[in-house]
Structures are given as C-alpha cells and as structure tokens.
Amino acid sequence: MVDLQSDKYTYEFILADMLEQIPSYIDKREGSIIYNALAPAALKLAEAYFIMQSERDLYFLDTTEGEYLTKKCSEYGITRRLATHATRKGTFKDNNSSLVDVPIGARFRIEDTTYLVRERISEGVFQLQCEQPGVIGNNYTGTLLPLDNNSNIAAATLDDILIYGEDIESDDALRMRTKDSIVNQSSDGNINQYLKWANDFDGIGIPKVFPLALGPNTVKVSITNSNNQVASTELIKSFQDYIDPGSTGLGNGKAPIGAKVTVTTGNVKTIDISGNISLNNGFSQVVGAEEAITNYLSGLTYRANKVSYIGLASVILGLESVSDVSNILINGAIEDISLLEEDIPTLGALSLVVV
32 MVDLQSDKYT
42 YEFILADMLE
52 QIPSYIDKRE
62 GSIIYNALAP
72 AALKLAEAYF
82 IMQSERDLYF
92 LDTTEGEYLT
102 KKCSEYGITR
112 RLATHATRKG
122 TFKDNNSSLV
132 DVPIGARFRI
142 EDTTYLVRER
152 ISEGVFQLQC
162 EQPGVIGNNY
172 TGTLLPLDNN
182 SNIAAATLDD
192 ILIYGEDIES
202 DDALRMRTKD
212 SIVNQSSDGN
222 INQYLKWAND
232 FDGIGIPKVF
242 PLALGPNTVK
252 VSITNSNNQV
262 ASTELIKSFQ
272 DYIDPGSTGL
282 GNGKAPIGAK
292 VTVTTGNVKT
302 IDISGNISLN
312 NGFSQVVGAE
322 EAITNYLSGL
332 TYRANKVSYI
342 GLASVILGLE
352 SVSDVSNILI
362 NGAIEDISLL
372 EEDIPTLGAL
382 SLVVV
C-alpha cells in the first residue's frame, strides 16, 4: 500500500522530482519559466495526495469520524444513538393547594426548555417529556410556567428525572460499541445478545446479565440509567416491555420463546469520604473533587468487585488543585470497600479539609 504520509508526496518533494526530470541545460531556477510552469502542478498533486490520505482514513473504523463513522458502523448492524428526550415528573396544584389533573398534551416551560404532558401517574402527578432532545432536559427543576391557558392550575412544578435525556452518541462511544459487538458476537439469545439489546436501548447506561437467576429458563437483566445510577421505575418498565412483556417468556419481545426475562436495577452503595488535603499554589479551595470522584465510582459500577482505597486516594491526589493528601477514610476506614454484583457505588458525604 502506498504510504501517502511519506515525504515523497509533499509539495517540495514533488516539485524537486519534476525539476529533476528537466535537462540540466534548461534554466530551472526559481522564477524561471519551467519552474513557474511546474510549481502549480506540483501544488495540485500534493493537494490531491493529501485529500487521498484523508479519504483513506474514512474507510477504517479506527480513523473515520462523523457521518462516515455512522455509515461504517451500520455495516456491522450498529446504529448511532440519536439524542433522546428527558422524561420528568410534574406536579400540579389548584388555588387550594390541592393536586389537580391537567390535560394530556398541555405544554409548560422552564428556562429555555418546554415540556409536554404525556401520561398521568396519579392525581395531579404526570409524566412530562422535554421537547428539546439531549441532556438539556435534565438540567432544571422548579416552577413551570403554562404555555396553554388553564385557569385550574395555580402551581406547576418540574420534579424528578424519570428517564434521562441523552445527547447524540459521540464518535468514541459509537466506535467502542461497534468494536465490542465485533469481538463479542451476539446471537440466539446468548449473554452478548441481551447485552446488545440493553446497550442499544435509549436511557440505559450499563447492563448486567444473570442467566438462570430465578430458576430454569429465566434471565435477569440488571440495568442502570445513562448516568450509571439506579434506573427509574419507568425505564425498567419500558425495557421490560421491550424485551419480554410481563416476564412471560412467550416471545412477545426481543427475548426468544421460553426465556422469562426480569429487568431490575442495582442497589445504592453509599461511599462516604473524608480526609485532609494540601492545595497547590494559586488555589484557595479544592476544585472538581465531587465530579472526579463521581466519575471514578461510575466507572466501577457493574464492573468491579470493590472500591479501591488506593484508587480513590489517587483520584483525589490527581486533582489539579491538590498537592498532597493524608488521613483519607472511606466509610470511616482505611480499606477497600467490597461491592456485590449489583451494587452501584455512589458518593455520599464528602469532607476534604484543607490543612
């Protein structure tokens, strides 16, 4: 294969090679007629080679990007996840502060987002869908303002996130998911098949499959939400209906006939952290500790059997604002914290004292 990144395909090399073919008795100096005639051609050739190299990178899974990556992954049956709409809980009250129902289809707004009433949960409590796709639907909580005229409503509140909205899948995430599907072939209801069904389902973060968990011909699929936290009842039900409605094993969902699938979520394992830290010059307080620790714990969910004391201390020490740590305690002890198969390590109290 031709190495288009070689120096042989630069403008300077191409022009020099062209001039080398010209007899020596002809003036080839810069500014000469022959030089000026060949230089534009050499430049265009160099541009063509550059474009060829760029185009060639688009043919391979490791180097392609954007819409070309989407097309490449589709060859393996993997579709890029599009941005999804957040599902939220809304509470509505009348002038007497009593819960009151609102019409399905009513619209409300908060900040720069709008919400559509989709489904009744109970009196005065409804599922709302953010009309803007992506994580923006997860951002706000508080008072909703009506976009439709409804004199029965005195107060409307946007509450819990039932299903997190997600941005369009990134190139790196899509590439990794495609590679995983190539290495771990899924077919005929094997474990990888269940993992693929879950990974392709909007709103699910990490799935874990337990064959024969509840007896013969049963499968348990434990899921997290897209933030790798406990999945909501709504997300669990939605995936349950998708894979095996009612856990009947009748083949009315994705799961094959005879496989009774039960969808569950994990259990919160609270991780309290305390300790002393020293700050680097230019910092008056620790910066980014909660986010870094949360990301570290998220990466352990359904993958690790412990929260490493050394690993967690290293995360804190690795913060840009921190120069040293001491007396770090995890749940009051200097030891690793064991995780059960469905534990979701979640940051609880965080107390880092500057000394």
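When you line the sequence shown up against the numbering used here, it's residues 32 to 386, in that order.
Every residue gets a Cβ at the ideal spot worked out from N, C-alpha and C, and that includes glycine.
Starting from Gly121, trace the beta strand (DSSP E) both ways and give me its first and last residue. Its beta strand (DSSP E) spans residues Thr118 to Lys124.
Close-in-space but distant-in-sequence residues of the same chain around Ser329 (CB under 6 Å, 5 per side omitted): Same-chain partners within the cutoff: Asn259.
Let me check understanding here. Comparing Cα to Cα, which of Phe241, Ile308 and Gly284 lies closest to Gly297? With respect to the C-alpha of Gly297, the residue from Phe241, Ile308 and Gly284 having the closest C-alpha is Phe241.
Taking Cβ to Cβ, would you say His116 is nearer than 8 Å to Gln160? In this structure, Gln160 lies closer than 8 Å to His116 by Cβ.
Quick one: residues in its chain with C-beta nearer than 6 Å to the C-beta of Val156, no 5 flanking neighbours on either side, listed in chain order? By the criterion of a C-beta distance shorter than 6 Å, Val156 is surrounded in its chain by Thr122, once the five residues flanking it on both sides are discounted.
Within a Cβ cutoff of 7 Å, which residues of the same chain sit near Leu243, ignoring the five residues on either side of it in sequence? Counting only Cβ-Cβ distances below 7 Å, and skipping sequence neighbours, we find Thr249.
When you compare each of Gly289, Ile45 and Asn169 to Gly234 by their alpha carbons, which one comes out closest? It is Asn169 whose Cα lies nearest to the Cα of Gly234.
Tell me, please, which residues DSSP counts as bridged to Tyr146. According to DSSP, which records beta bridges pairwise, Tyr146 is partnered with Phe139 and Cys161.
State the start and end residues of the unbroken beta strand (DSSP E) segment that holds Leu378. Counting along the chain, the unbroken beta strand (DSSP E) around Leu378 starts and ends at Asp374 to Val385.
Identify the continuous beta strand (DSSP E) that holds Pro238 and give its terminal residues. From DSSP, the beta strand (DSSP E) with Pro238 extends over Ile235 to Pro242.
May I ask you to verify whether the region 129-144 touches the region 172-186, counting CB pairs closer than 8 Å and requiring at least 3? They touch, by the three-pair rule.
Three-state secondary structure assigned by DSSP to Ser55: If DSSP states are grouped into helix, strand and coil, Ser55 belongs with coil.
Where does Thr295 fall in DSSP's three states? Under the three-state reduction of DSSP output, Thr295 falls in the strand class.
Measure from the alpha carbon of Gly379 to the alpha carbon of each residue in Ile324, Glu162 and Tyr225, then state which is nearest. Residue Ile324 is the option with its Cα nearest to Gly379.
Using 8 Å for Cβ pairs, my map puts Val356 next to Gly306. What's the rounded Cβ distance? Confirmed, about 6 Å.
Taking contact to mean at least 3 C-beta pairs separated by less than 8 Å, is the region 42-49 in contact with the region 72-80? At 8 Å Cβ cutoff, the stretches touch.
I'd like to check one pair, Glu106 with Asp202: are the Cβ atoms closer than 8 Å? No.
Length-filtered (4 minimum) alpha helix (DSSP H) runs lying within the region 307-360: Segments of the alpha helix (DSSP H) lying fully in the region 307-360: 320-331 and 340-348.
Hey, is the region 187-198 in contact with the region 263-270, meaning 3+ C-beta pairs nearer than 8 Å? Taking 8 Å as the limit for Cβ pairs, the verdict is that the region 263-270 does touch the region 187-198.
Nearest-angstrom Cα separation, counted from Tyr327 out to Val346: Distance between the alpha carbons of Val346 and Tyr327: 8 Å.
What is the DSSP secondary structure of Lys210, counted as helix, strand or coil? Lys210 carries a helical assignment under DSSP once its states are collapsed to helix, strand and coil.
By Cβ distance below 7 Å, which residues in the same chain neighbour Ala335 in space, the five residues on each side in sequence not counted? For Ala335, where only same-chain residues beyond five positions count, the Cβ hits under 7 Å are Leu370.
By alpha-carbon positions, which one of Ser354, Val338 and Gly280 ends up nearest to Gly313? It is Ser354.
Give the secondary structure of Arg151 by DSSP, where H, G and I count as helix, E and B as strand, and everything else as coil. If DSSP states are grouped into helix, strand and coil, Arg151 belongs with the strands.
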